[in-house]
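Please read the structure below before turning to the comments.
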Amino acid sequence: MIQIKNLSKSFNNLEVLKNINLTIEKNTVHTIIGSSGSGKSTLLRCINLLETPDSGEIIVFNQNILNSNFDIDNYRRKVSMVFQNFNLFDNLNVLKNCTIALEKVLKIPTKQANEIAIKNLTDVGLKDFIYQNVKKLSGGQKQRVAIARSLCLNPDVILFDEPTSALDPEMVEEVLKTIKSLAKLDITIIIVTHEMQFAREVSDTVHFMDKGVVVESLSPEIMYTNPKNERTREFLKKFL
Amino acid sequence: MILILEKYWLSFVYGTIITLFIALSGTLIGLIFGLITSLIKNIEAEKNSSYIKKIILKISNFIIDTYITIFRGTPMMVQAMIIYYGVYSLGFEWSKIIAAIVIVSINTGAYMAEIIRGGLQSIDKGQNEAARSLGMSQKQSLIYILMPQAIKNSFPAIGNEFIVNIKDTSVLNVIGVIELYFQSSSIAGSSYKIVETFTITALIYLFITFTVSRILNYFEKKLGFIETSFPSSQTNEKGLVKNI
Chain L
0 MIQIKNLSKS FNNLEVLKNI NLTIEKNTVH TIIGSSGSGK STLLRCINLL
50 ETPDSGEIIV FNQNILNSNF DIDNYRRKVS MVFQNFNLFD NLNVLKNCTI
100 ALEKVLKIPT KQANEIAIKN LTDVGLKDFI YQNVKKLSGG QKQRVAIARS
150 LCLNPDVILF DEPTSALDPE MVEEVLKTIK SLAKLDITII IVTHEMQFAR
200 EVSDTVHFMD KGVVVESLSP EIMYTNPKNE RTREFLKKFL
Chain V
0 MILILEKYWL SFVYGTIITL FIALSGTLIG LIFGLITSLI KNIEAEKNSS
50 YIKKIILKIS NFIIDTYITI FRGTPMMVQA MIIYYGVYSL GFEWSKIIAA
100 IVIVSINTGA YMAEIIRGGL QSIDKGQNEA ARSLGMSQKQ SLIYILMPQA
150 IKNSFPAIGN EFIVNIKDTS VLNVIGVIEL YFQSSSIAGS SYKIVETFTI
200 TALIYLFITF TVSRILNYFE KKLGFIETSF PSSQTNEKGL VKNI
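As you go down the protein sequences, you meet chains L and V in turn.
Just so it is clear: in the first sequence, position 120 is 119 by numbering that gives the first Met the number 0, and no numbers are missing.
Just so it is clear: in the second sequence, position 34 is 33 by numbering that gives the first Met the number 0, and no numbers are missing.
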């Protein structure tokens, strides 16, 4: 359902993505691993058009999302993003964080929006916090609110950009558990992560990126036991 | 001093009310000007915007920049002369109070635009990205997410602008607005007691600004504009502070 063809992106002469080709099937879980600066996050941000690629094609739902007349706002509702730093709206409480897009973008009445939000917040275990100020939540709770916020829009794809990198070690588990529970739903998930064990457990395909190139894309069993490429082996040796 | 107060207290009260009225309405209208201009200035042409939209944005940005440059770069006293007599010479007879409010509003608007711009810049860009990633348009993100935070961040500066305006309305005596300074000059002129009169005037200004700044501080605290946030390790699962 997502096809990336010859995607390239540079930031002032620095080539971050070099001719990326990637295919992601519907309702699968893909993880992207690799060292910092390898272009993982940039690739993810390109899929959500938070970065505009320099060249190449990204085809989602049979449409090239890089076409100039493509309806970006409409597309982003179906492909939502969970950020490393949570990016909860500081001016709104937990419930409002989840309902604002429903009310303002989808024009759903407040009562109905609240119901959707409360259902999703319950699913991530935060029912008791709906009127809480988001600044008073712990990191793990914040990230779970962010996941619920994405789920409210009923997206086809969720992109996770290092969802546990800004968390205390003891809070990583609760967030990973939440993401794992999503993997059972009919959602396509792409995760950029440094949690190797988690990637192994949850994904259908693991992609290893290095210096702006997808070096290999393998099933987790093969990736973690017998990767072909020398660089992949070197990278994974540090974790396993 | 007491003699002056006894004889002229009504004039002082009248002047004070006019000063407060001009400063308050000028600040509020100026704030609205500032919000509108910074809203327009922050709408950027996007890749898929139409050609006409891009041109309109360019032109409006140029107008706003010019407005801010001119009104921040010239004294309000000079602006008052040009605006008041300028409109007058076009054949419109307008009340001095209205003129005063217009002048203070336009002048304040230029400062407010910069204050709000600073407030917007201080917001983490992740806030906008999150809003956009949920399908909000640039305008929706600005109105529902960024602007409320920008106003909150700049509340102390906005309050400060009000205090500055209370004092700066005194320059409007050049166009004959009967505010506190103008009243004081008349009183000083008829009583021949310049120092005493203006000491009273100074005390009135001081009293107002002191009171207003106390009220603003109270609101800042009350509305949670000054936040005491605790590190997550010191809050329990309900987000409340543990007994330390």
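C-beta atoms are modelled at their ideal positions from N, C-alpha and C, and glycine is treated no differently.
DSSP state of residue i mapped onto helix, strand, coil
i, result
"E56/L", "strand"
"M135/V", "coil"
"V170/V", "helix"
"F10/L", "strand"
"V77/V", "helix"
"I177/V", "coil"
"M80/L", "strand"
"N235/V", "Reliability of the predicted coordinates at N235/V is poor, the pLDDT of 49 falling under 50, and the value obtained from them is presented with this limitation in mind. Reduced to three states, the DSSP call for N235/V is coil."
"L42/L", "helix"
"L120/L", "helix"
"E229/L", "helix"
"N92/L", "strand"
"F159/L", "strand"
"N73/L", "helix"
"L105/L", "coil"
"N60/V", "helix"
"T107/V", "helix"
"T65/V", "helix"
"L240/L", "Missing from the structure shown is residue 240/L; chain L here goes from 0 to 239 and no further."
"T204/L", "strand"
"N216/V", "helix"
"N132/L", "strand"
"K124/V", "helix"
"W8/V", "helix"
"N113/L", "helix"
CB contact flag (residue i, residue j, <8 Å)
i, j, result
"V104/L", "V78/L", "no"
"M80/V", "D167/V", "no"
"F91/V", "Q78/V", "no"
"K25/L", "M0/L", "yes"
"V133/L", "V144/L", "yes"
"G134/V", "L152/L", "yes"
"K200/V", "S183/V", "Per the sequence shown, residue 200/V should be read as Thr rather than Lys. For T200/V and S183/V, yes; Cβs fall inside 8 Å."
"F238/L", "G33/L", "no"
"L120/L", "I129/L", "yes"
"F197/L", "L175/L", "yes"
"I186/L", "V201/L", "no"
"T30/L", "Q2/L", "no"
"Q83/L", "E161/L", "yes"
"S190/V", "T196/V", "yes"
"S40/L", "D209/L", "no"
"S185/V", "E178/V", "no"
"S59/V", "R116/V", "no"
"T231/L", "S218/L", "no"
"L166/L", "G138/L", "yes"
"Y83/V", "I17/V", "no"
"L6/L", "I64/L", "no"
"N86/L", "T98/L", "no"
"N228/L", "E215/L", "yes"
Exposed unless 16 or more other CB atoms sit within 10 angstroms - verdict on residue i
i, result
"L202/V", "exposed"
"L222/V", "exposed"
"T224/L", "exposed"
"F10/L", "exposed"
"S205/V", "At residue 205/V the sequence reads Leu, which differs from the Ser that was named. It counts as exposed."
"P168/L", "exposed"
"R76/L", "buried"
"T15/V", "buried"
"E194/L", "buried"
"G211/L", "buried"
"T192/L", "buried"
"G108/V", "buried"
"V194/V", "exposed"
Sheet register partners of residue i (DSSP bridge)
i, result
"D209/L", "V212/L"
"V163/V", "Answer is none; V163/V lacks a bridge partner."
"V28/L", "I188/L"
"Q62/L", "V59/L"
"T22/L", "Q2/L"
"T244/V", "Outside the modelled stretch of chain V, which goes from 0 to 243, sits residue 244/V, for which no answer is possible."
"L16/L", "K8/L"
Rounded Cβ spacing between residue i and residue j (contact assumed at less than 8 Å)
i, j, result
"F47/L", "S48/V", "For the record, residue 47/L in the displayed sequence is Asn; it is not Phe. 19 Å between Cβ atoms; not a contact."
"E43/V", "L49/L", "In fact, because the Cβ distance is near 14 Å, the residues do not count as touching under 8 Å."
"S121/V", "N152/V", "5 Å"
"K4/L", "N20/L", "6 Å"
"G33/V", "A112/V", "4 Å"
"Q140/L", "L125/L", "6 Å"
Proximal chain C residues relative to residue i, where beta-carbon distance stays under 8 Å
i, result
"L125/L", "Included in the structure are the protein chains L and V, with no chain C among them."
Any non-hydrogen atom of the ligand NAD within 7 Å of residue i CB
i, result
"L179/V", "As far as ligands go, the structure on display features none, and thus does not contain the ligand NAD."
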